[in-house]
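A short write-up of the structure that comes next.
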Amino acid sequence: NAGVTQTPKFQVLKTGQSMTLQCAQDMNHEYMSWYRQDPGMGLRLIHYSVGAGITDQGEVPNGYNVSRSTTEDFPLRLLSAAPSQTSVYFCASSSGSDTQYFGPGTRLTVL
Amino acid sequence: AQSVTQPDIHITVSEGASLELRCNYSYGATPYLFWYVQSPGQGLQLLLKYFSGDTLVQGIKGFEAEFKRSQSSFNLRKPSVHWSDAAEYFCAVEHPGTYKYIFGTGTRLKVLA
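Laid out in structure tokens, this is it:
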């Protein structure tokens, strides 16, 4: 099993550009989530999904969109990047309220 | 509001010394409790978790944590720290069944040889 994979590992955007961060898992987990990690602030939940076709907002959803068309994939879309979105993004998956398995992260810089 | 507090931003210990990392939560009911570890440039890995039952929980890498309901705490301990334990440690909570996890701000552990 590859576990949770994320692409790209690094990305630099200009203000106003859009992009999609990819996340995939091969563990047949129904729950997937996106977090951002900023220095001194821990991980903050952006969006999460409890199954294909079902998504909900977390603590910091503004500026981000998600969809979940399959169990395996949970992409995160930045509609119009802003410098405040410079961060490290982590995707995670789990089978219900249990251990979350994290991807290696995507380091995003918005200029 | 629900919150998780890790009061120590940085902790430095000597190799072989004991370790305790503090975690306090603010919740209406007893949440599910987790400790994760993050090595530099890596994702997070679960050390241990508490859902119910025995309040002393054993995890991987020789770590344990004790849930104290009266203090709303879930402190992580290790009797003898190894240099490879240098990392950042995160406490997290989840109100059962909500799938909304709240993480603390983390404690960065430095281990002196």
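As you go down the protein sequences, you meet chains A and B in turn.
Under our numbering, the residue at position 14 of the first sequence is numbered 14, and the numbers go up by one with no gaps.
Just remember that our numbering sits 1000 ahead of the position in the second sequence, which is counted from 1.
Virtual Cβ for every residue (Gly too), placed ideally from N, Cα, C.
Predicted model only: the values in this text are computed from it and were never measured.
For residue j and residue i, believed in contact at Cβ under 8 Å, the rounded distance
i	j	result
PRO113/A	THR106/A	Since the first and last residues shown for chain A are 1 and 111, residue 113/A lies out of range.
GLU1015/B	LEU1112/B	7 Å
PRO104/A	GLN1042/B	7 Å
ASN65/A	LEU79/A	6 Å
Per DSSP, the bridge partner or partners of residue i
i	result
THR1030/B	According to DSSP, which records beta bridges pairwise, THR1030/B is partnered with nothing at all.
PHE90/A	TYR35/A
TRP1035/B	LEU1048/B, CYS1091/B
ILE1102/B	VAL1093/B
MET19/A	LEU78/A
THR1005/B	ASN1024/B
ILE54/A	GLY51/A
Span of the beta strand (DSSP E), counted from its first residue to its last, around residue i
i	result
MET32/A	31–38
PHE1063/B	Unbroken run through PHE1063/B: none, as it is neither H nor E.
VAL1081/B	That residue, VAL1081/B, is in no beta strand (DSSP E); it is neither H nor E in DSSP.
ARG1108/B	1107–1112
Proximity winner among the options, relative to residue i (alpha-carbon distances)
i	options	result
HIS47/A	GLN17/A, PHE74/A, THR5/A	PHE74/A
LEU1076/B	GLN1002/B, ASP1008/B, SER1003/B	ASP1008/B
ALA81/A	SER18/A, ALA52/A, PRO104/A, VAL60/A	SER18/A
VAL60/A	THR70/A, GLN37/A, VAL110/A	GLN37/A
Closer than 8 Å: residue i CB and nearest the ligand NAD heavy atom
i	result
GLN22/A	By its list of ligands, the structure shown contains no ligand whatsoever, and the ligand NAD lies outside what it can speak to.
Problem set entry | Given 8 Å, three or more beta-carbon pairs between the stretch 1034–1052 of chain B and the stretch 1089–1105 of chain B | In this structure the stretch 1034–1052 of chain B lies against the stretch 1089–1105 of chain B, because at least three pairs of beta carbons, one per stretch, are closer than 8 Å.
For this session: Check whether the stretch 1071–1090 of chain B touches the stretch 18–27 of chain A, taking contact to mean three or more Cβ pairs, one atom from each stretch, closer than 8 Å.
Result: Too few Cβ pairs lie closer than 8 Å, so no.
Problem set entry | the stretch 29–46 of chain A / the stretch 87–106 of chain A touching (three or more Cβ pairs under 8 Å) | Contact holds between the stretch 29–46 of chain A and the stretch 87–106 of chain A, because three or more Cβ pairs, one in each stretch, are under 8 Å apart.
Exercise. Touching or not, the stretch 77–95 of chain A and the stretch 1058–1069 of chain B, by the rule of three or more beta carbon pairs under 8 Å?
Worked result: Flag = no, the stretch 77–95 of chain A and the stretch 1058–1069 of chain B do not touch.
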